[in-house]
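Its first residue numbered -9, the sequence shown is counted upward by one per residue in this note's numbering.
All C-beta atoms in this analysis are idealised placements derived from N, C-alpha and C, irrespective of residue type, glycine included.
These notes concern the structure reproduced below.
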Amino acid sequence: MSKGKILVIDDEDIVLMSCHRALTPEGYDVKTAKSGVEGLKMLENEPFNVALIDVKMPDMDGMEVLKKIKERWPDVAVIIITGYSAIATAVSSIKLGAFDYIEKPFTPDGILSVIKKALGRQG
-9 MSKGKILVID DEDIVLMSCH RALTPEGYDV KTAKSGVEGL KMLENEPFNV
41 ALIDVKMPDM DGMEVLKKIK ERWPDVAVII ITGYSAIATA VSSIKLGAFD
91 YIEKPFTPDG ILSVIKKALG RQG
């Protein structure tokens, strides 16, 4: 049985693979998308508990994806992934409804910890 459905939206293959490798053995059902547009289409077709979203992507930045998810799927816990340790970005994402943020490079334990907290809040 899955502990939760996680959608990872990032344009970097290494991040998608790292998240998949860290989360799948822990019992999470992990799907990946290489763009904000692709990720939003996936959300239209199946429910997810958590979305991990990169801030900097070519088609649509993570803040825009966050806004769209919170408008259409407010129960999805959004965790922003940022390679730019800008406090302003983190604060903005929280104000827009993100559950939390994590900085690149992150560890498997770091990503697992924040996902467990997000799922714990959902009940």
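If I measure Cβ to Cβ from residue i and keep anything under 8 Å in the same chain, skipping five residues before and after, which residues do I get?
| i | result |
| --- | --- |
| G29 | L(-3), I(-1), A23, A41, I43, V55 |
| K94 | V5, I71, T72, G73 |
| A67 | N39, V40, A41, F89, A108, L109, R111, Q112 |
Here's the rule I'm using: 16 or more other beta-carbon atoms within 10 Å means buried, otherwise exposed. How should residue i be labelled?
| i | result |
| --- | --- |
| G(-6) | buried |
| M47 | buried |
| I101 | buried |
| A78 | exposed |
| V81 | exposed |
| S8 | buried |
| G52 | buried |
| N39 | buried |
By DSSP's criteria, residue i is part of a beta bridge. Which residues make up the other side?
| i | result |
| --- | --- |
| E127 | For the chain, the structure presents residues -9 to 113; residue 127 sits outside this window and is missing. |
| T22 | V(-2) |
| V40 | I(-4), A67 |
Helix, strand or coil for residue i per DSSP?
| i | result |
| --- | --- |
| K46 | coil |
| D3 | helix |
| L86 | coil |
| V81 | helix |
| G29 | helix |
How far does the alpha helix (DSSP H) with residue i in it reach, from first residue to last?
| i | result |
| --- | --- |
| E61 | 52 to 62 |
| P98 | 98 to 112 |
For residue i, which residues from the same chain have a beta carbon less than 7 Å from its beta carbon, with the 5 sequence-adjacent residues on both sides left out?
| i | result |
| --- | --- |
| V104 | I69, D90, I92 |
Excluding the five sequence neighbours on either side, which residues of its own chain have a C-beta within less than 6 Å of the C-beta of residue i, listed in chain order?
| i | result |
| --- | --- |
| G17 | K(-7) |
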